[in-house]
Each structure stands twice: as structure tokens, then as C-alpha cells.
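Quick notes on the structure that follows.
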Amino acid sequence: MNLILETERLLLRPLELSDADEMFAMDNQAEVHKYLWQNPTQNVEETIKIIEMVQKQYKESRIGRFATILKETNEFIGWTGIKFVNDHVENGNTNFYDYGYRLNPKFWAKGYATEASIAWLDYGFKQMNIQEMNAYTHAENTASNRVLEKVGMTFMENYPDESGVTWKWWQMEKSVQ
899 MNLILETERL LLRPLELSDA DEMFAMDNQA EVHKYLWQNP TQNVEETIKI
949 IEMVQKQYKE SRIGRFATIL KETNEFIGWT GIKFVNDHVE NGNTNFYDYG
999 YRLNPKFWAK GYATEASIAW LDYGFKQMNI QEMNAYTHAE NTASNRVLEK
1049 VGMTFMENYP DESGVTWKWW QMEKSVQ
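Just add 898 to the spot in the sequence shown (first one is 1) and you have our numbering.
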């Protein structure tokens, strides 16, 4: 996968095994998993398996979650990107494009999630010709719900997962111009 996207402050590139330590440092934090099933990554080997799974998605779907790098310092701040979901059912859906992100808490509330989201939605609609983008967030994750609203996604409905936790389903359709 040789796709690289740039925004004013960010470089969005495919995840590499060399990202494992920084990605583990992010995913090992309980704060990061507060709205993500509360199951922090326990060791770097788990992170390596996740990166390998994402790299497999690049080959199969030609898209996936990307390392998100702060251009000014070359720091790994998290991952962002589009994923083709075909491995499970979410809110009654499968075989759909999902936008998502996860950032290290020290980079929260700086506009990076919004900046990356705008770039990815633009890429998905204009370059990939995706007709409909979806996203889902924990109902209580105010910050992520605000980012999706800010970038123009439409809240569609609340839905419960199998354990009864309420999630929000978001959607954006390609605009006809």
C-alpha cells in the first residue's frame, strides 16, 4: 500500500510494524479504551498482530486504518482511516465503509481528529467513489460524537450492542455535484 495523504499538520500513511511500540503505548491506556469495550492492549505482540491484520486489509480492500503522524515532530499520534467492514455485523450492517480513528490522549482536543476526518472523507468520496460512509461511536463519547457532527456526518440512530451498551450510528452520503 503506497497511499499517503497529507493535511496541514498531519501525514496519513499505512501502518508499519515499526509503529508497534508507539501504537501499543497508545492502546495500553485505560483512558483510550473508556468507550472501546474497556480492553486495553496488554503487550506489544497483540499490537503487532493488529498491524498485520490491518496490512492484510490493505491487500484485500485496498484501504484500512493508517498511521497518523504529526508532521512538525514526526510523532505517531494514533490511527485514522477508512475500513471496509465485512468481518462482522454492526447495527444490522455488513459490507460497508466505516470511518474511524483512535488518538493518543496527549493529542486529544487539538483538532487533529477533525483535520484527519475531513481528509479521509474527502478521499473516500472523491478518490474511492464511496457512495455512503458510516461510523459508530459509544453514545457517551461526547468528543468523538462532536467530531463526526462537525465534519458533516448525520446521526442516524442509537442502537444497543450484544452486551446492551448504546452506540450511535452515523452516516454521510456522497454529495452529487
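For glycine and all other residues, C-beta sits at the position ideal for the given N, C-alpha and C.
May I have a chain-ordered list of the beta strand (DSSP E) segments no shorter than 3 residues that lie completely inside the region 987–1022? You should have 994–1001.
Report task. Let me know if Arg963 comes out buried or exposed under the rule of 16 or more other beta-carbons within 10 Å of its beta-carbon. Result -> Here residue 963 refers to the residue found at position 65 when the sequence shown is read from its first residue. Classification of Arg963: buried, given that the 10 Å Cβ count is 16 or more.
Looking at the secondary structure, which residues open and close the beta strand (DSSP E) in which Thr1035 lies? The residue you call residue 1035 lines up with position 137 of the sequence shown. Residues 1030–1036.
Check your understanding: Can you tell me the Cα-Cα spacing of Gly998 and Lys981, whole angstroms?
Key -> Within the sequence shown, the letter at position 100 stands for residue 998. Within the sequence shown, the letter at position 83 stands for residue 981. Distance between the alpha carbons of Gly998 and Lys981: 8 Å.
Practice problem: Excluding the 5 residues preceding and the 5 following Asp917 in the sequence, name in chain order all residues of the same chain whose CB lies nearer than 7 Å to its CB. | Solution: Taking the first residue of the sequence shown as position 1, residue 917 is located at position 19. Cβ within range, chain order: Ile949, Ala965, Phe974.
(request) Put Met951 into one of helix, strand or coil per three-state DSSP. (result) Your numbering for residue 951 matches position 53 in the sequence shown. Helix at Met951.
Own chain residues within Cβ distance below 8 Å of Gln1075, not counting five before or after
Looking up residue 1075 in the sequence shown gives position 177. Residue placement at Gln1075 cannot be trusted, given a pLDDT of 47 that sits under 50; what the coordinates show is reported in the next sentence. Here the set comprises nothing.
Query - With 16 other Cβ atoms within 10 Å as the buried cut-off, status of Asp1020 - result: Here residue 1020 refers to the residue found at position 122 of the sequence shown. Of the residues assessed, Asp1020 falls on the exposed side of the cut-off, its CB having fewer than 16 other CB atoms within 10 angstroms.
Next item on the list: Under 8 Å by Cβ, that's how I've got Val1045 and Ala1011 pegged, so tell me the actual separation to the nearest angstrom.
Entry: Along the sequence shown, read from residue 1 onward, the residue named residue 1045 stands at position 147. Along the sequence shown, read from residue 1 onward, the residue named residue 1011 stands at position 113. Between Ala1011 and Val1045 the Cβ distance is about 5 Å, and since that is below 8 Å, they are a contact.
ask   = With C-beta atoms as the reference, is Gly976 less than 9 Å away from Tyr1057?
value = Position 78 of the sequence shown, counted from the first residue, corresponds to residue 976. Position 159 of the sequence shown, counted from the first residue, corresponds to residue 1057. Their beta carbons are not under 9 Å apart, which means Gly976 does not touch Tyr1057 by this criterion.
Separation of Ile1016 from Ile902, as counted between CA atoms:
As a position in the sequence shown, residue 902 is number 4, starting the count at 1. As a position in the sequence shown, residue 1016 is number 118, starting the count at 1. A direct Cα-Cα distance of roughly 15 Å separates Ile902 from Ile1016.
Quick one: complete beta strand (DSSP E) runs, 3+ long, within the region 904–972?
-> 908–912, 963–968
key: Gln1069 to Ser1061 span [Cα, whole Å]   = Here residue 1069 refers to the residue found at position 171 when the sequence shown is read from its first residue. Here residue 1061 refers to the residue found at position 163 when the sequence shown is read from its first residue. In a straight line, the C-alpha of Gln1069 is about 23 Å away from that of Ser1061.
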